[in-house]
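Note sheet for the following structure.
2 protein chains.
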Amino acid sequence: MKQIDLNQVKENIEYLAIGSELLTSAYPETNSLFLAEKLDNLGLRLRYKSVVSDDLEDLVGAVKLALSRSRVIFISGGLGPTEDDRTREAVAQAVKKPLVFHSEIVKKIEDRFAWRGAKMTPSNRRQAYLIQGAEILDNPNGTAPGMWLETRRRILILLPGPPAEFNPMVEKLITEKLELYRNQYVLKSVIKTTGAGESWVEDRIKPVYRLLPRDLELTILASPGEVQIRLTLRAKEINPENERIFNKIKNKIINLLGNKVFSTKGENLEEVIGRELSALGLTLACAESCTGGLLADRITAVPGSSNYFLASLVTYSNKAKTRFLGVPGRLVREKGAVSREVAESMAAGVRKKTGANLTLSTTGIAGPGGGSARKPVGLVYIGLSSPDGITTTENYFQGERRQIKFQTTQKALDMLRLKLKEYQPTGKAGSQ
Amino acid sequence: MKQIDLNQVKENIEYLAIGSELLTSAYPETNSLFLAEKLDNLGLRLRYKSVVSDDLEDLVGAVKLALSRSRVIFISGGLGPTEDDRTREAVAQAVKKPLVFHSEIVKKIEDRFAWRGAKMTPSNRRQAYLIQGAEILDNPNGTAPGMWLETRRRILILLPGPPAEFNPMVEKLITEKLELYRNQYVLKSVIKTTGAGESWVEDRIKPVYRLLPRDLELTILASPGEVQIRLTLRAKEINPENERIFNKIKNKIINLLGNKVFSTKGENLEEVIGRELSALGLTLACAESCTGGLLADRITAVPGSSNYFLASLVTYSNKAKTRFLGVPGRLVREKGAVSREVAESMAAGVRKKTGANLTLSTTGIAGPGGGSARKPVGLVYIGLSSPDGITTTENYFQGERRQIKFQTTQKALDMLRLKLKEYQPTGKAGSQ
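Have a look at this one:
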């Protein structure tokens, strides 16, 4: 296979998303974000990205344009079985090659349907056509195979649009094919913090700015409940010298931010607490009201969480709080379901009922209704029960229902993280 | 002001986002979603959208390309005061017009700084250059004025990149300038289905394709656990005749798809079942294993869900299944936690313990670990208990952990939806 020297043209990678729906307000295009991240790890960058409709003429035009200005063209979408899916035809036209029917692809699709006890529909046959000369890229998560086509000093990479199919295929391409085109080495670190706002973080790490060498980029990214500091070093090679400077700056930032830092390895909070619970051999259970199951959902998003997570009792009604957690009916009536006392009682109750070493509880007003002057929307009490006793926090979160639920889970997981640090044998931050 | 007849060219609106950061993984481009929504209300559509870097050559190339294929070109970003902000120069070069300094803009920017007790920086003077012939578009939320430029039968609209500045300016343009170009009125409907794949849906509604008038667009959109059919009629006017045809086709599709259709009003499944539970005065509780709280999280995402949702017992460990739901330990040992019998027992148990009218249960293997030849990853049993008894389904879902969890909740909510239909007094589909 003749290889194309990508270094001859600077920044010559293009991404084309196909789909009329991606030109509407309903469907943001996200595949390019995943692709950009993976390419960045090889020191490669997108120079253009575009979205075009399913219209054949537009599609052919966009592919021709990409061929005229880019060496490597990623195209996602339009490989499905329906009549709207015209990427195969469009690329074939643009590169002036015929489509060739592959019966082995039909066989694969039939097997896929059979495995689910279903029969392939006739329209799936459309997916068995490949552009002449293209190599099949296996799609383990869908019926549309991808294609890798080298022609006229260009590489066209056709991939299915659904992220669940696109992402794993890109991952595989990066290690198996694109690694050859690496032109820079990159050192990256994402320092994730919670419990502080963007301006606090920025003020706090100011002393580091004047130490930054030119090839080291620092960016701050804030979202509700989380602020990230991203460090990226790009160099022809990673050597002891630039690695030392990178680590020095990274460690300086970590020190300045103290226990607001929960990960430097890209983990999210549920992964951090999962790792630490496993290491310590401790179990966890939850009692949720306002988070409505989101806390348990995040904890169980981590593979293997069944090793330390016992249960979450999502007690939405007051009766359920009493019945399953033993929260006294009188307490709810006197203090209100949204109160420090009820949060405490929930955390204690679920600990008693499940026998978990540690428990978390949430009760609050997620809105949009249910708020009052004394107990506004966004008021949330969070309880943490451990062998050392119970602690609670009072929080005022902002945003919509979804954001209030999320910030509550973020804070609850963070309370647990800080408690688990106390149990670290060395006393050293276990999250770093 | 001479107006350009936008009707002469179909779908001739283009959006260009400027900024190297928008080509990285950290910054999704969102302005186009807002713009697309506003345009769509006028019957106008984006035909292309693209992102290019701050590189002047790339920028000029992208603007020239847009001029060659589109009548109206929205450009956002690159109007700031720094040297990276090159949109002014690029557009001036592309349309071959000079930049003209406007001292009244400097005055405005100075006033803006003064209002905040600050002094304008010299670099802000860059923002006072307008392309010759352009009209200023006021920016109440920033220093960068926008521009409206009509030239060579094209309209170029330059807007600042930050959404907080871009969005209000678009809003104003829509009512003050673009309303004139309204060329269509729009009727829309989104028919949402679950329980069938994309190709099944397409095959099923084939009879409708030949009935579609030219101005009625039908698109199919699939995601795990959901297939949408989107109908959009665009016409010079909405009159009884085209409205009748629109409704006829919509109803025909609904009839062809039968009870796979769960909403025609944009609702998701949790909203549909929430509305119906409320209307019927029935209560719901869940017993979750493999969904780990996601089912409850979705149900409680609906404001007001506390009126019908009592609790979800997320019993991740076997002991919790026995303790909270009364699932016999022997049953778990003999049949396995992932079995039809345990799903049944969980649904019955949570019904008994909460007193809810209806209950759902989930138990399965979400992966990536824990699968076997006999019980592979993706095998999920779902139980539904109602006053009529208990039903269970055996399902084989595909994808990653997250997708298996989601598809399980989708199927569980759909089982509930179909059961609630039986309780509709008229027997008519309540979801439509």
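Chains A and B, in that order, are what the protein sequence lines are. Add 1173 to a position in the first sequence, counting from 1, and you land on the number used in the working numbering. Add 1173 to a position in the second sequence, counting from 1, and you land on the number used in the working numbering. Here a beta-carbon is modelled for each residue, glycine too, at the ideal position from N, C-alpha and C.
Interface flag, residue i vs chain B, CB-CB below 8 Å
{"i": "Y1489(A)", "result": "yes"}
{"i": "R1298(A)", "result": "no"}
{"i": "P1333(A)", "result": "no"}
{"i": "A1263(A)", "result": "no"}
{"i": "P1201(A)", "result": "yes"}
{"i": "P1254(A)", "result": "yes"}
{"i": "F1579(A)", "result": "no"}
{"i": "K1222(A)", "result": "yes"}
{"i": "A1520(A)", "result": "no"}
{"i": "D1284(A)", "result": "no"}
{"i": "R1355(A)", "result": "no"}
Residue-level contact to chain A via CB, residue i, 8 Å cutoff
{"i": "G1192(B)", "result": "no"}
{"i": "V1500(B)", "result": "no"}
{"i": "W1321(B)", "result": "no"}
{"i": "I1393(B)", "result": "yes"}
{"i": "F1497(B)", "result": "yes"}
{"i": "A1444(B)", "result": "Ala is not the amino acid found at residue 1444(B); the sequence shown has Glu there. Not closer than 8 Å to any Cβ of chain A, the Cβ of E1444(B) fails to qualify, so no."}
{"i": "P1138(B)", "result": "Beyond the ends of chain B as shown, which are 1174 and 1605, falls residue 1138(B); an answer cannot be given."}
Residues that residue i contacts on chain B, provided the C-beta gap is smaller than 9 Å
{"i": "N1314(A)", "result": "Q1571, G1572, E1573 and Q1576"}
{"i": "T1536(A)", "result": "Within 9 Å Cβ-Cβ: nothing; T1536(A) doesn't reach chain B, min ~12 Å."}
{"i": "L1196(A)", "result": "Y1188, S1205, A1209, R1218, L1219, R1220, Y1221 and K1222"}
Cutoff 6 Å; reference residue i; Cβ partners in own chain excluding five residues on either side
{"i": "V1359(B)", "result": "G1216 and R1407"}
{"i": "T1564(A)", "result": "L1557"}
{"i": "A1307(B)", "result": "M1320 and L1322"}
{"i": "I1246(A)", "result": "E1187, A1239 and L1329"}
{"i": "K1222(A)", "result": "Y1188 and S1205"}
{"i": "L1332(A)", "result": "S1249, G1319, F1339 and M1342"}
{"i": "Q1609(B)", "result": "Given a span of 1174 to 1605 for chain B in the structure shown, any question on residue 1609(B) remains unanswerable."}
{"i": "R1403(B)", "result": "V1363 and T1392"}
Contacts around residue i, its chain only, beta-carbon distance under 7 Å, and the 5 residues preceding and following it disregarded
{"i": "A1585(A)", "result": "L1468, L1533, T1535 and I1555"}
{"i": "K1492(B)", "result": "none"}
{"i": "F1482(A)", "result": "L1457, I1472 and T1473"}
{"i": "L1552(A)", "result": "V1511, G1537, I1538 and Y1569"}
{"i": "E1283(A)", "result": "M1293"}
{"i": "S1226(A)", "result": "S1193 and L1196"}
{"i": "A1484(B)", "result": "A1458 and T1527"}
{"i": "G1368(B)", "result": "K1433 and D1587"}
{"i": "L1589(A)", "result": "I1446, L1531, L1533 and L1557"}
{"i": "G1253(A)", "result": "A1317"}
Contact set between residue i and chain A, taken where Cβ atoms lie within less than 8 Å
{"i": "P1336(B)", "result": "Those do not exist, as P1336(B) stays about 13 Å from chain A at its closest Cβ, beyond 8 Å."}
{"i": "E1371(B)", "result": "G1253, P1254 and T1255"}
{"i": "D1213(B)", "result": "T1197 and S1198"}
{"i": "D1231(B)", "result": "R1220 and Y1221"}
Partner residues on chain A for residue i, Cβ-Cβ distance less than 7 Å
{"i": "T1473(B)", "result": "G1465, G1466 and Y1489"}
{"i": "P1541(B)", "result": "P1476"}
{"i": "E1375(B)", "result": "T1255 and S1296"}
{"i": "S1226(B)", "result": "R1220"}
Euclidean distance between Cα positions of residue i and residue j
{"i": "G1543(B)", "j": "D1587(B)", "result": "26 Å"}
{"i": "S1479(A)", "j": "C1459(A)", "result": "14 Å"}
{"i": "T1566(A)", "j": "I1364(A)", "result": "25 Å"}
{"i": "P1598(B)", "j": "S1436(B)", "result": "19 Å"}
{"i": "I1278(B)", "j": "L1346(B)", "result": "20 Å"}
{"i": "L1591(A)", "j": "R1244(A)", "result": "49 Å"}
{"i": "S1198(A)", "j": "R1574(A)", "result": "22 Å"}
{"i": "K1525(B)", "j": "P1560(B)", "result": "11 Å"}
Residue range of the alpha helix (DSSP H) that includes residue i
{"i": "L1607(A)", "result": "Only positions 1174 to 1605 of chain A appear in this structure, which leaves residue 1607(A) out of reach."}
{"i": "T1495(A)", "result": "N1491 to L1498"}
{"i": "N1553(B)", "result": "Here the sequence assigns Val to residue 1553(B), which means Asn is not the residue at that position. First-last for V1553(B): L1552 to S1559, but that is the beta strand (DSSP E), not the alpha helix (DSSP H)."}
{"i": "I1422(B)", "result": "P1413 to L1430"}
{"i": "I1472(A)", "result": "L1467 to I1472"}
Proximal residues of chain B, C-beta to C-beta of residue i below 7 Å
{"i": "A1493(A)", "result": "L1483, A1484 and T1527"}
The beta strand (DSSP E) enclosing residue i, as first and last residue numbers
{"i": "T1527(A)", "result": "Segment R1513 to T1527 is the alpha helix (DSSP H) holding T1527(A); no beta strand (DSSP E) there."}
{"i": "N1568(A)", "result": "G1562 to Y1569"}
{"i": "M1342(B)", "result": "M1342(B) -> not in any beta strand (DSSP E); alpha helix (DSSP H) instead, spanning P1336 to E1349."}
{"i": "I1278(A)", "result": "Looking at the DSSP string, I1278(A) is not in any beta strand (DSSP E); the run it does join, the alpha helix (DSSP H), is S1276 to W1288."}
Same chain only: Cβ atoms within 8 Å of residue i, ignoring 5 sequence neighbours per side
{"i": "K1508(A)", "result": "E1514 and V1515"}
{"i": "F1579(A)", "result": "P1397, G1398 and L1467"}
{"i": "L1272(A)", "result": "R1261, E1262, A1265, Y1302, L1303, I1304 and Q1305"}
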